[in-house]
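Participant: Right, I'll just put the structure down here and ask away after.
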Amino acid sequence: MSENLKQQALDYHAKGQPGKIAIQTTKPCNTQHDLSLAYTPGVAAPVRKIAENAEHAYHYTAKGNLVAVITDGSAVLGLGNVGALAGKPVMEGKGVLFKRFANIDVFDIEVNTTTEQDFIDTVTNIAPTFGGINLEDIAAPHCFEIEKALIERLDIPVFHDDQHGTAIIIAAGLLNALEIQGKKIENAKIICIGAGAAGIASMHLLIALGANKHNIFLVDRKGVVHSQRNDLNSYKQAFALQTERRTLADAINGADAFIGVSGPDLVSSHMLKTMAPNPVVFALSNPDPEIAYDVAIATRDDLIMATGRSDFPNQVNNVLGFPFIFRGALDVRATVINDAMKIAAVKALCALTREPVTEEVLSAYALDSLKFGPNYIIPKPFDSRLMDFVPPAVAQAAVDSGVAKTAYPTNYPVAPKEVEHF
0 MSENLKQQAL
10 DYHAKGQPGK
20 IAIQTTKPCN
30 TQHDLSLAYT
40 PGVAAPVRKI
50 AENAEHAYHY
60 TAKGNLVAVI
70 TDGSAVLGLG
80 NVGALAGKPV
90 MEGKGVLFKR
100 FANIDVFDIE
110 VNTTTEQDFI
120 DTVTNIAPTF
130 GGINLEDIAA
140 PHCFEIEKAL
150 IERLDIPVFH
160 DDQHGTAIII
170 AAGLLNALEI
180 QGKKIENAKI
190 ICIGAGAAGI
200 ASMHLLIALG
210 ANKHNIFLVD
220 RKGVVHSQRN
230 DLNSYKQAFA
240 LQTERRTLAD
250 AINGADAFIG
260 VSGPDLVSSH
270 MLKTMAPNPV
280 VFALSNPDPE
290 IAYDVAIATR
300 DDLIMATGRS
310 DFPNQVNNVL
320 GFPFIFRGAL
330 DVRATVINDA
340 MKIAAVKALC
350 ALTREPVTEE
360 VLSAYALDSL
370 KFGPNYIIPK
380 PFDSRLMDFV
390 PPAVAQAAVD
400 SGVAKTAYPT
410 NYPVAPKEVE
420 HF
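Counting along the sequence shown from 1, when you hit position 198 you're at 197 in numbering that gives the first Met the number 0, and nothing is skipped either side.
Here's what the structure looks like:
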């Protein structure tokens, strides 16, 4: 980040009212009568209703449209374990995105603890306030245990975006890219470097979508995750292959798809040349990819490439997922966000990419034209049709899979048709 951009970012956060979010009232409070309704004595009426039946909280309070964005600060962006309070600007930023893209309200909560159990207990104890829990920037492998425990304890959606949000966008982009390259996911040899939250969740979702587990090579800092290693946690062990390949260079040879959720400059031009014809490369380390975009496209003219950056085509951006996934989940009061809902989100994103691109999108990105193809494999974040595609698909999947407490909303558009060959 340049010094100029750093100062601009500091000014953005500090000038005027510090921070990026605020609370506003949704009912009038201009007269004594308004005050008597908003607070005492009038507020006693909804209190009694909720005391009689907790479900009334969805009718009389903001619970149903309120998500907690919660961190312990142990894995904030690429900055590492900076602590809970230092993670607050990111959590506020997440709140901005929830509100801007899906009109969901957020309280950001920074939990100052270093133990899994304290974090789990804290979130469990405050959960009645919220309609959903978005876990954020929690280091692996603790994030897996924390999410699992909270899903078991709570009857509202719990979603670790670094895992599942990333996985959903990767999966949508990869399915589209493989189709353009004339390949099928069930036959594709896939390499993933980065065996943390995003990498492991992405591989699980790809398997749910039809990828062959025996064609997936997971690579961590020590090389290929293989069955002879004795240093693997249970999450990595699930992907341990019987193979003689040991290094990233070994694994990438002949691969159809490369997914990088690790660090910068780990893939050389020589490695890229050894991939199969018409490869797909997702170099998602941000801001510096596993292989630089310019180097990659100069090395292979037959590849499709995605990065985490907005200044190159095919940005893999979680904002395409989490606001709209929570919107669909909240609107049918889903108790969890399950695999069916995640897959529905993937298919909805795939379907939207095939729609003609609107003038709204072209204008937002200063483009003359854009269509489904090598440089457009996932939708753009400012495509307002995301609200028409993703929440309905997620809500319908929640209803169909039996985890919704209410019916499919009557004010929703008809859920988009699934892409037939998925």
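For glycine and all other residues, C-beta sits at the position ideal for the given N, C-alpha and C.
Please return the same chain residues whose Cβ sits closer than 8 Å to the Cβ of Val418, not counting the five positions on each side in sequence.
Facilitator: Only weak support is given to the placement of Val418: the predicted model assigns it a pLDDT of 46, under 50, and the question is left unresolved by the model.
Participant: Write down the C-beta distance between Gln162 and Ala197 rounded to the nearest angstrom, noting that I regard them as a contact closer than 8 Å.
Facilitator: Going by Cβ atoms, the distance from Gln162 to Ala197 rounds to 6 Å, so yes, they are a contact pair.
Participant: So the candidates are Ala406, Asp301, Leu369, Ala394; which of them puts its Cα closest to the Cα of Ala275?
Facilitator: Ranking the options by Cα distance to Ala275, first place goes to Asp301.
Participant: Please report the straight-line C-alpha distance between Ala171 and Arg384, rounded to a whole angstrom.
Facilitator: Approximately 16 Å, taken between the alpha carbons.
Participant: Between which two residues does the alpha helix (DSSP H) holding His159 run?
Facilitator: Careful: His159 lies outside any alpha helix (DSSP H), inside the beta strand (DSSP E) at 157-159.
Participant: Buried or exposed: where does His420 fall if 16 or more other Cβ atoms within 10 Å of its Cβ makes it buried?
Facilitator: With a pLDDT of 47 at His420, under the threshold of 50, the predicted position of this residue should be treated as unreliable, though the coordinate-derived value follows. With fewer than 16 other Cβ atoms within 10 Å, it is exposed.
Participant: Please report the distance separating the alpha-carbon of Ile20 from that of Glu91.
Facilitator: Roughly 6 Å separates the two Cα atoms.
Participant: Just to confirm, are Phe118 and Thr112 a CB contact at a threshold of 8 Å?
Facilitator: Going by C-beta atoms, Phe118 is nearer than 8 Å to Thr112.
Participant: Quick one: Cα of Thr25 to Cα of Thr39, how far?
Facilitator: Thr25 and Thr39: Cα-Cα distance of roughly 17 Å.
Participant: Can you pull the DSSP bridge partners for Phe106?
Facilitator: BP columns for Phe106 point to Ala67.
Participant: For Ile119, name the three-state secondary structure that DSSP assigns.
Facilitator: Here Ile119 sits in helix by DSSP.
Participant: Given this structure, state the Cα-to-Cα distance separating Asp255 from Gly164, to the nearest angstrom.
Facilitator: Roughly 23 Å separates the two Cα atoms.
Participant: Would you list the one or two residues that DSSP bridges to Asn133?
Facilitator: Paired residues: Val68, Phe158.
Participant: Please state the DSSP three-state secondary structure of Val398.
Facilitator: Correct three-state label for Val398: helix.
Participant: Please name the residue, chosen from Thr121, Val318, Ile303, Ala403, that lies closest to Pro312 on a Cα-to-Cα basis.
Facilitator: Comparing Cα positions, the closest option is Ile303.
Participant: Could you pull out every residue in the same chain whose Cβ sits closer than 6 Å to the Cβ of Ile336, ignoring the five residues on either side in sequence?
Facilitator: If we look at Ile336 and ignore the five residues flanking it on each side, its Cβ neighbours are Pro156, Phe158, Ala328.
Participant: Use the C-beta contact count for Arg332: other C-beta atoms within 10 angstroms, 16 or more gives buried, fewer gives exposed.
Facilitator: Classification for Arg332: buried.
Participant: Give the range of the alpha helix (DSSP H) segment to which Ile303 is assigned.
Facilitator: Ile303 -> not in any alpha helix (DSSP H); beta strand (DSSP E) instead, spanning 303-306.
Participant: Going by Cα to Cα distance, which pick from Ala74, Val413, Ile49, Ile69 is closest to Lys62?
Facilitator: Among Ala74, Val413, Ile49, Ile69, the Cα nearest to that of Lys62 belongs to Ile49.
Participant: Could you give the DSSP three-state label for Phe216: helix, strand or coil?
Facilitator: Strand.
Participant: For Val266 versus Glu243, is the C-beta distance shorter than 8 Å?
Facilitator: No. Outside cutoff.
Participant: Classify Arg326: buried if its beta carbon has 16 or more other beta carbons within 10 angstroms, exposed otherwise.
Facilitator: Buried, because 16 or more other Cβ atoms sit within 10 Å of the Cβ of Arg326.
Participant: Who are Gly79's beta bridge partners in DSSP?
Facilitator: Beta-bridge pairing links Gly79 to Val75.
Participant: Can you check which of these residues, Ala207, Asn374, Val66, Ala200, is closest to Gly130 by C-alpha distance?
Facilitator: Minimum Cα distance to Gly130 is reached at Val66.
Participant: Can you tell me whether DSSP reads Cys28 as helix, strand or coil?
Facilitator: Cys28 falls in the coil class under three-state DSSP.
Participant: Rounded to whole angstroms, how far is the Cβ of Ile125 from the Cβ of Asn64, which I believe are closer than 8 Å?
Facilitator: Actually they are not in contact, since the Cβ atoms of Ile125 and Asn64 sit about 17 Å apart, beyond 8 Å.
Participant: Give the range of the alpha helix (DSSP H) segment to which Val360 is assigned.
Facilitator: Looking at the DSSP string, the run of the alpha helix (DSSP H) that includes Val360 is 358-363.
Participant: Does Gln314 come out as helix, strand or coil in the three-state DSSP assignment?
Facilitator: Strand, per DSSP.
Participant: Do the stretch 189-206 and the stretch 257-265 touch if we need at least three Cβ pairs shorter than 8 Å?
Facilitator: Taking 8 Å as the limit for Cβ pairs, the verdict is that the stretch 257-265 does touch the stretch 189-206.
Participant: Using DSSP with H/G/I as helix, E/B as strand and the rest coil, what is Ile377?
Facilitator: Correct three-state label for Ile377: coil.
Participant: Are the CB atoms of Leu84 and Glu109 nearer to each other than 8 Å?
Facilitator: Yes; because the gap between Cβ atoms is below 8 Å, this pair is in contact.
Participant: Roughly how many angstroms lie between the CA atoms of Asp10 and Met0, to the nearest whole one?
Facilitator: Going from the Cα of Asp10 to the Cα of Met0 covers about 15 Å.
Participant: For Leu208, tell me which candidate among Ala237, Pro286, Ile168 has the shortest Cα-Cα distance.
Facilitator: For the residues Ala237, Pro286, Ile168, the minimum Cα distance to Leu208 belongs to Ile168.
Participant: Look at the Cβ atom of Gly307, then the Cβ atom of Val315, and state whether they are nearer than 8 Å.
Facilitator: Contact: yes.
Participant: For Ala43, count neighbouring C-beta atoms within 10 Å of its own C-beta (all shown protein chains included) and say buried if the count is 16 or more, exposed if not.
Facilitator: It is exposed - the Cβ of Ala43 has fewer than 16 other Cβ atoms within 10 Å.
Participant: Which class does Ala239 belong to by DSSP, given the choice of helix, strand or coil?
Facilitator: Three-state DSSP puts Ala239 in coil, outside helix and strand.
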